[in-house]
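Asks: Have a look at this one.
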Ligand SMILES: NC(=O)c1ccc[n+]([C@@H]2O[C@H](COP(=O)([O-])OP(=O)(O)OC[C@H]3O[C@@H](n4cnc5c(N)ncnc54)[C@H](OP(=O)(O)O)[C@@H]3O)[C@@H](O)[C@H]2O)c1
């Protein structure tokens with residue numbers, strides 16, 4: 002039995018929804034069948050009530066047609082990963098198998114364990130500096146590291162928190178955070194070293210793919226300090242591991258209020274400059290959208306032209322429908338720890354993504370509004 006999402010496992014998962022999921026809800030990427038909606042676990046208090054809520058929400062989401070689960074070691078001080086670990090154990094008890102689900106998490110930000118310690122610098126010194134995990138110069142912006150020794154430590158913690166042998170997608174978390182103070186050449190050599198480590202983690206079956214989960218990097222104009230070129234990042238992976246490298250996933254915000262992934266041509270590829278959705282497609286990299294509802298803000302008050310273009314009953318549905326229908330986006334991640342949000346959002350599983358015509362109408366109307 003494989004310890005990660007497989008082609009057979011995700012095919013079996015999609016088949017569970019035959020007759021219940023609309024055409025286009027599951028998409029094939031990297032040989033896997035992935036749902037157009039995924040559950041995120043960023044927001045919420047670091048308390049037991051929220052821990053339990055995320056566990057229930059993740060179980061309910063998988064039962065309703067979501068096989069993409071997203072977390073990060075720093076979300077709610079490691080508690081979100083542990084909530085997902087508990088959900089996974091419950092799902093295995095209910096007859097799902099590990100191979101059906103894409104488990105994604107991230108490392109890079111220094112994070113406490115479960116709660117904010119009374120003296121954070123004493124905690125980080127004891128846990129990371131005295132143990133030699135972090136050394137002089139490893140930390141940028143006071144909170145971020147991509148040093149291989151640190152990533153190795155963080156990966157072990159995430160595997161433990163999630164209770165899995167293999168993490169499907171391990172992202173460097175907001176690596177562009179470092180660009181405020183690290184010169185670009187040094188940044189590239191750090192990314193290269195991180196990729197070398199991540200390829201070794203693939204070889205050890207601790208992860209299956211790796212990537213970058215970003216906020217600004219791939220959406221910015223090329224002259225921005227924290228801009229990143231996807232082709233350059235891919236070429237670093239290629240240097241490390243050749244054409245069969247495992248840098249295959251990128252996460253970035255995409256929603257009705259942040260459309261740059263689709264609309265800003267900022268990625269040089271051969272002789273052209275194209276938006277990141279096009280660059281990712283050419284480079285064989287799968288795109289996951291974060292903040293699909295702009296952290297809940299797009300769940301109400303959308304302009305009427307959105308309703309006119311997309312139809313549907315609520316603004317929350319329209320916001321998610323936009324992201325899951327964006328050409329080049331595989332999964333729209335939405336944070337939801339309230340079970341009623343799982344219910345409402347996953348009513349979209351039985352709805353086909355917007356047609357090209359509906360989608361274009363949205364942009365036409367948007368220009369006039
Ligand atoms: N740089 C990065 O790597 C990065 C950055 C941001 C996000 N992410 C990932 O992307 C995921 C999604 O982004 P996000 O959680 O920041 O924001 P989001 O998905 O845009 O919004 C989540 C918020 O919307 C609320 N919500 C969900 N469904 C709703 C509905 N039907 N009606 C009203 N409110 C609703 C949620 O409430 P409840 O939770 O109370 O249900 C939560 O407060 C994250 O969880 C994380 O996994 C990654």
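In this note's numbering, the protein residues as written are 2 to 370.
Positions of the beta carbon are idealized from the N, C-alpha and C atoms, including for glycine.
(1) Using the Cα positions of residue 280 and residue 227, report the straight-line distance between them to the nearest angstrom.
(2) Let's see if you can read the secondary structure: which residues bound the alpha helix (DSSP H) around residue 283?
(3) My assumption, with CB atoms under 8 Å, is that residue 241 sits in contact with residue 4. Please give the rounded CB distance.
(4) So residue 101 packs on residue 207, CB below 8 Å; how close in whole Å?
(5) If you drop the 5 nearest sequence neighbours on each side, which residues of the same chain put their C-beta closer than 7 Å to that of residue 145?
(6) Would you say residue 255 and residue 172 are within 9 Å of each other, going by their C-beta atoms?
(7) May I ask you to list the residues that DSSP assigns as paired with residue 34?
(8) Does the beta carbon of residue 71 fall short of 8 Å from some heavy atom of ligand 2?
(9) Do residue 321 and residue 293 come within 9 Å of each other at the CB atom, strictly closer than that value?
(10) What alpha helix (DSSP H) runs, 4 residues minimum, are completely inside the segment 283–331?
(11) Ordered along the chain, which non-local residues of its own chain (more than five positions away) have a Cβ less than 7 Å from that of residue 353?
(12) Extract the residue ranges of the alpha helix (DSSP H) inside the segment 52–96, only unbroken runs of 4 or more that lie entirely within it.
(13) Cβ-heavy atom distance between residue 179 and ligand 1 below 8 Å?
(14) Nearest to residue 142 by alpha carbon, out of 182, 132, 156, 136?
(15) Give the straight-line distance between the Cα atoms of residue 248 and residue 229, rounded to the nearest whole angstrom.
(16) Within 8 Å: the Cβ of residue 36 and any heavy atom of ligand 1?
(17) Would you tell me roughly how many angstroms separate the C-alpha atoms of residue 40 and residue 34, rounded to the nearest one?
(18) Does any heavy atom of ligand 1 sit closer than 8 Å to the C-beta of residue 68?
(19) Are three or more beta carbon pairs between the segment 301–309 and the segment 266–276 nearer than 8 Å?
(20) Determine the extent of the beta strand (DSSP E) in which residue 253 is found, giving its start and end residues.
(21) DSSP state of residue 335, grouped into three classes?
Replies: By the coordinates alone:
(1) 18 Å
(2) 277–284
(3) Not confirmed; about 23 Å, so no contact.
(4) No, residue 101 and residue 207 are not in contact; Cβ-Cβ is about 20 Å, not under 8 Å.
(5) 109, 110, 178, 179
(6) no
(7) 29
(8) As presented, the structure is devoid of ligand 2, carrying ligand 1 as its sole ligands.
(9) yes
(10) 305–311, 316–326
(11) 23, 24, 25
(12) 80–94
(13) no
(14) 182
(15) 15 Å
(16) no
(17) 16 Å
(18) no
(19) no
(20) 248–254
(21) strand
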